[in-house]
Each structure stands twice: as C-alpha cells, then as structure tokens.
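Working notes, structure below.
Numbering (the numbering used here), first residue to last: 394 to 620.
Right, dumping it as structure tokens:
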C-alpha cells in the first residue's frame, strides 16, 4: 500500500496495516528559476493557481486581498489561474466583477510545463486557501516550489507534510479570513524573509522530482516480487 503523505501512512499504521509505504506525488521538470530580489516599490503579486471553485477557497483569497488593498492601502494584486468549474462559473463571475483591475482571472495553463513554472516564478506568493481537509500533496504546490514560489495555505489535514512553516511558506487556520489576512500581511511586510524562502522552495521541490521518487517505488516492487 502506497500513500502520498506521512500523516496518512501513520493513520494506516494505527489501524494495524504494516505493509504501508510513503510515496509522495511527483513531477518531471528541468526548470530552474532566477532568484532576483524585487524592488521595494513594486506591487506585491499573489496568485491563486488551482481549480477555480468555492471549495478551493478562491472567494476567501479574493476577500483577503481586497481588504488589505482597500483598508490598508497596500499595493497588492491577485491573479486567478486555473479551469473554472462549470457549476461555479456564474458565482465566480459575480465574485470578481466588482474587484477592479487588481484582481483578474488569467485563464488556464497546461500543467506540468516550463511555461507554468516560468509564469509562477513571476509572482511573490501563492495562495492556497482550500476548504478540503482531505487534500493530499497538491500538484500546484509542487509547481510553486519548482518555481521558487512560497505558499500561504490553509491548514488542511496534511498541510504539515507539505508546507515547511517559515521555510517554504506558512499556514493559516482553515476558513479563517482574519488569520489569512494576518499571515498575508506578514509576507508583505517581510520581503527579506520571503526571498530566503524562495531558495528553500527550490530545494524542497527536489524531493518531488520523478528521479528521486520512482526509484523508491521500483525498489519496493522488486522486493515484493522477490518475496
């Protein structure tokens, strides 16, 4: 039995299973981002990169960015990228129609490509405010790490397996707008710490590279066959 998070592996062990192995999500990539310190007078650019649906927390991201911009007078933007759920299309259009130019829907990119990673590398922070407690290892977060992009994510059940607090990102209480705003402001106000995080993200991405994951699977399969 292979599971992609250590949290799930522990739960299965607690149920009495002993043939459980950790096998994380993985990607094949060659992209290496350029790490350049941004100018202090530039906009703080955030991105929501996921399926666009209420359950992924897109409206929470919109509210947080809007409040920070309008109430704190901070130059912050949000680009929303990903396929829009058909059943959510009308609600999504309504959610962004009055936001102005600082919140935009930018369409959909083909996943698992250098184009995606080049695009993500242009941002300062990824927002991942999912309401799904049962997320595993989201491919979007791996793409962010490959791109050297820190992540601010909700504290879903497996968040601690994926987000290294203070190194590759931070987590906020699931569904908590106030905590999301508080943590988002921390990123805005600590550019030097954020820049250090970019290097941590690039390093962390390596554990999800196909060349570092699949050999473990093949080894386990070989051992099973010999047994």
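Think of the CB as a built atom: it goes at the ideal place given N, C-alpha and C, for glycine as much as any other residue.
| request: Compute the Euclidean distance between the alpha carbons of residue 636 and residue 552, then round it to the nearest angstrom. | output: Here the chain has residues from 394 to 620 only, and residue 636 is not among them.
| task | Spell out the partners DSSP gives residue 546 in its beta bridges. | result | Position 153 of the chain shown, counted from the first residue, corresponds to residue 546. According to DSSP, residue 546 bridges with 521 and 564.
| field | Contacts around residue 615, its chain only, beta-carbon distance under 6 Å, and the 5 residues preceding and following it disregarded | value | Numbered from 1 along the chain shown, position 222 holds the residue referred to as residue 615. Excluding sequence neighbours, residue 615 sits near nothing in its chain.
| query | Mind checking whether residue 521 and residue 441 have CB atoms under 9 Å apart? | reply | Counted from its first residue, the chain shown places residue 521 at position 128. Counted from its first residue, the chain shown places residue 441 at position 48. It is a contact, given that the beta carbons lie within the stated cut-off.
| query | What first and last residue would you give for the alpha helix (DSSP H) that runs through residue 556? | reply | Position 163 of the chain shown, counted from the start, is the residue given in the question as residue 556. From DSSP, residue 556 is part of no alpha helix (DSSP H); its letter is neither H nor E.
| message | Once the 5 residues before and after residue 566 are set aside, which same chain residues still bring their CB inside 7 Å of it? | response | As a working mapping, residue 566 is identified with position 173 in the chain shown. Excluding sequence neighbours, residue 566 sits near 548 and 572.
| task | Report buried or exposed for residue 510, applying the criterion of at least 16 other Cβ atoms within 10 angstroms of its Cβ. | result | Indexing the chain shown from 1 puts residue 510 at position 117. By the 10 Å Cβ count, residue 510 comes out buried.
| Excluding five sequence neighbours on each side, which residues of the same chain lie with their C-beta closer than 6 Å to the C-beta of residue 533? | Your numbering for residue 533 matches position 140 in the chain shown. Correct list, in chain order: 442 and 443.
| request: Taking all protein chains shown into account, decide if residue 558 is buried (16 or more other Cβ within 10 angstroms of its Cβ) or exposed. | output: For the purposes of this step, residue 558 is taken as residue 165 along the chain shown, with counting starting at 1. Label assigned to residue 558: exposed.
| field | Residue(s) in a DSSP beta bridge with residue 498 | value | Mapped onto the chain shown, residue 498 falls at position 105. The partner list for residue 498 (beta bridge, DSSP) reads 473.
| request: Could you name the residues that DSSP lists as bridge partners for residue 437? | output: Within the chain shown, residue 437 is the residue found at index 44, counting from 1. Paired residues: 469.
| Between which two residues does the alpha helix (DSSP H) carrying residue 589 extend? | For the purposes of this step, residue 589 is identified with residue 196 of the chain shown, where counting begins at 1. Run containing residue 589: 584-598, per the alpha helix (DSSP H) assignment.
| Excluding the five sequence neighbours on either side, which residues of its own chain have a C-beta within less than 8 Å of the C-beta of residue 581, listed in chain order? | In the chain shown, counting from the first residue as 1, residue 581 sits at position 188. The answer, listed in chain order, is 437, 461, 467 and 469.
| field | Test item: CB-CB of residue 517 and residue 496 under 9 Å | value | Within the chain shown, the letter at position 124 stands for residue 517. Within the chain shown, the letter at position 103 stands for residue 496. Result no, Cβ atoms of residue 517 and residue 496 do not sit closer than 9 Å.
| said: Report the CB separation of residue 508 from residue 502 in whole angstroms; it is logged as a contact under 8 Å. | reply: Position 115 of the chain shown, counting from 1, holds the residue named residue 508. Position 109 of the chain shown, counting from 1, holds the residue named residue 502. Sure, about 6 Å apart at Cβ, within 8 Å.
| request: Between the Cα of residue 452 and those of 485, 595, 411 and 477, spot the shortest distance and give me the residue it belongs to. | output: As a first step, residue 452 is located in the chain shown; it is residue number 59 there, counting from the start. Residue 485 is the option with its Cα nearest to residue 452.
| Which residues in the same chain have their Cβ closer than 6 Å to the Cβ of residue 395, if we skip the five residues on either side of it in sequence? | Start at 1 with the first residue of the chain shown, and residue 395 comes out as number 2. Cβ neighbours of residue 395 beyond the five flanking positions: 414 and 416.
| task | Tell me whether the beta-carbon of residue 481 lies closer than 9 Å to the beta-carbon of residue 602. | result | Counting from 1 along the chain shown, the entry for residue 481 is found at position 88. Counting from 1 along the chain shown, the entry for residue 602 is found at position 209. Taking 9 Å as the Cβ cut-off, residue 481 and residue 602 do not qualify as a contacting pair.
| Around the Cβ of residue 563, are there at least 16 other Cβ atoms within 10 angstroms (buried) or fewer (exposed)? | Start at 1 with the first residue of the chain shown, and residue 563 comes out as number 170. It is buried - the Cβ of residue 563 has at least 16 other Cβ atoms within 10 Å.
| Pairwise C-alpha distance: residue 543 and residue 590 | Along the chain shown, read from residue 1 onward, the residue named residue 590 stands at position 197. Along the chain shown, read from residue 1 onward, the residue named residue 543 stands at position 150. The alpha-carbon atoms of residue 590 and residue 543 are separated by roughly 6 Å.
| field | Burial state of residue 611 (16 or more Cβ within 10 Å) | value | Here residue 611 refers to the residue found at position 218 of the chain shown. Residue 611 comes out exposed.
| field | Which of helix, strand or coil DSSP assigns to residue 431 | value | Position 38 of the chain shown, counted from the first residue, corresponds to residue 431. Of the three classes helix, strand and coil, the one that applies to residue 431 here is coil, per DSSP.
| task | Measure the beta-carbon distance from residue 561 to residue 525 and round it to whole angstroms, keeping in mind my assumption that it falls under 8 Å. | result | Sequence index remark: in the chain shown, residue 561 carries index 168 (1-based). Sequence index remark: in the chain shown, residue 525 carries index 132 (1-based). The Cβ separation is near 20 Å, so there is no contact.
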